[in-house]
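> I have a structure here, written as structure tokens, and I will follow up with some questions on it.
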Amino acid sequence: NAGVTQTPKFQVLKTGQSMTLQCAQDMNHNSMYWYRQDPGMGLRLIYYSASEGTTDKGEVPNGYNVSRLNKREFSLRLESAAPSQTSVYFCASSNDAGRTYEQYFGPGTRLTVT
Amino acid sequence: GDSVTQMEGPVTLSEEAFLTINCTYTATGYPSLFWYVQYPGEGLQLLLKATKADDKGSNKGFEATYRKETTSFHLEKGSVQVSDSAVYFCALGSSNTGKLIFGQGTTLQVKP
Chain Y
1 NAGVTQTPKF
11 QVLKTGQSMT
21 LQCAQDMNHN
31 SMYWYRQDPG
41 MGLRLIYYSA
51 SEGTTDKGEV
61 PNGYNVSRLN
71 KREFSLRLES
81 AAPSQTSVYF
91 CASSNDAGRT
101 YEQYFGPGTR
111 LTVT
Chain R
1001 GDSVTQMEGP
1011 VTLSEEAFLT
1021 INCTYTATGY
1031 PSLFWYVQYP
1041 GEGLQLLLKA
1051 TKADDKGSNK
1061 GFEATYRKET
1071 TSFHLEKGSV
1081 QVSDSAVYFC
1091 ALGSSNTGKL
1101 IFGQGTTLQV
1111 KP
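Sequence order for the protein chains is Y and R. Per the numbering used here, residue 1 is the first one in the first sequence, and the count goes up by one each step. Per the numbering used here, residue 1001 is the first one in the second sequence, and the count goes up by one each step.
Structure, rendered in structure tokens:
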């Protein structure tokens, strides 16, 4: 099993450009998440999807959109990138049937906006 | 709302030293508690977990005990190695929101 995969691993954008970060999981998990990680801030939830066809805002959703394409895939889109969106982005998934909240993380995408 | 507070880092230790990273939480209900580890350049990996009061989670020589009376879940290891150098995150599974809430992370550096 590959677990959670993310593409790309690195990206540099100019202010105003758009891009989509891709995430896929092969564990048949219902829930998927997008986080950003900034120094000294821990992980902050951007958006999540509790099941296929549903998405909800997390703590820091402004400037982002998401799509839960199917049970496996959950993408994050930056429509007009800003330097404040320079960060490391992590996708995660979980099987919440047991309500244990254990999440499995991808390797991350390091994004720089100039 | 629910929250997690970790001790400030970085923590620098010599190899074979004893490690404690403090973690306290505020939550309603009965959350599950986790420690995740992030090695340089990688994503987070679950290190250990505890789902109810007095449970002890353990893995790779690390331990943490769910203490409801002190609302704590401190991470300990008796003898650290250079390979333990990483960022450690305490987290709780919120029964209010159904989501994980992370502490800010503690960087551990172990010197030979």
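Where is the CB? At the ideal position from N, CA and C, for every residue including glycine.
According to DSSP, is S1085 of chain R helix, strand or coil?
Position 85 of the second sequence, counted from the first residue, corresponds to residue 1085 of chain R. If DSSP states are grouped into helix, strand and coil, S1085 of chain R belongs with coil.
> Which value, in whole angstroms, describes the spacing of the CA atoms of Y48 of chain Y and S1014 of chain R?
What you label residue 48 of chain Y is simply residue 48 of the first sequence in a count that begins at 1. What you label residue 1014 of chain R is simply residue 14 of the second sequence in a count that begins at 1. Spanning the two alpha carbons is a distance of roughly 40 Å.
> Is Q1104 of chain R helix, strand or coil when you go by DSSP?
Residue mapping note: residue 1104 of chain R aligns to position 104 of the second sequence, counting from 1. Three-state DSSP puts Q1104 of chain R in coil, outside helix and strand.
> Could you tell me whether any Cβ in chain Y is nearer than 7 Å to the Cβ of L1075 of chain R?
Taking the second sequence and counting its residues from 1, one reaches residue 1075 of chain R at position 75. Answer no: the Cβ-Cβ gap between L1075 of chain R and chain Y never drops below 7 Å.
> Chain Y beta carbons: is any one of them nearer than 7 Å to that of Q1104 of chain R?
Taking the second sequence and counting its residues from 1, one reaches residue 1104 of chain R at position 104. Output row for Q1104 of chain R: interface = yes.
> Hey, could you find the ends of the beta strand (DSSP E) L76 of chain Y is sitting in?
Residue numbering aside, residue 76 of chain Y sits at position 76 when the first sequence is read from its first letter. Counting along the chain, the beta strand (DSSP E) containing L76 of chain Y begins and ends at F74 to L78.
> Given a cut-off of 7 Å, decide if A1064 of chain R and L1048 of chain R are closer than it, judged by their beta-carbon atoms.
The residue given as residue 1048 of chain R occupies position 48 in the second sequence. The residue given as residue 1064 of chain R occupies position 64 in the second sequence. Closer than 7 Å, so yes.
> Based on the DSSP output, what are the partners of A24 of chain Y in its beta bridges?
Walking along the first sequence from the start, residue 24 of chain Y turns up at place 24. DSSP, once it has assigned bridges, lists Y:T5 and Y:E73 as partnering A24 of chain Y.
> Determine the chain Y residues that contact F1034 of chain R at a beta-carbon separation under 8 Å, and present them in chain order.
For the purposes of this step, residue 1034 of chain R is taken as the residue at position 34 of the second sequence. Under the 8 Å cutoff, chain Y gives Y101 and E102.
> State buried or exposed for M27 of chain Y, treating a residue as buried only when at least 16 other CB atoms are found within 10 Å of its CB.
One-based indexing of the first sequence puts residue 27 of chain Y at position 27. Under this definition M27 of chain Y is an exposed residue.
> Whose C-beta lies closer than 8 Å to the C-beta of T114 of chain Y among residues of the same chain, with five residues either side of it excluded?
Locating residue 114 of chain Y in the first sequence gives position 114, counting from the first residue. Correct list, in chain order: V12, L13, K14, T15 and P83.
> Taking just the CA atoms, how far does S1003 of chain R sit from T1097 of chain R?
In the second sequence, counting from the first residue as 1, residue 1097 of chain R sits at position 97. In the second sequence, counting from the first residue as 1, residue 1003 of chain R sits at position 3. Straight across, the Cα-Cα distance linking T1097 of chain R with S1003 of chain R is about 12 Å.
> CB A1091 of chain R to CB L1100 of chain R, shorter than 7 Å?
By 1-based counting over the second sequence, the position of residue 1091 of chain R is 91. By 1-based counting over the second sequence, the position of residue 1100 of chain R is 100. Contact flag set, yes.
> Span of the beta strand (DSSP E) holding D1055 of chain R?
In the second sequence, counting from the first residue as 1, residue 1055 of chain R sits at position 55. Here D1055 of chain R belongs to no beta strand (DSSP E), and DSSP marks it neither H nor E.
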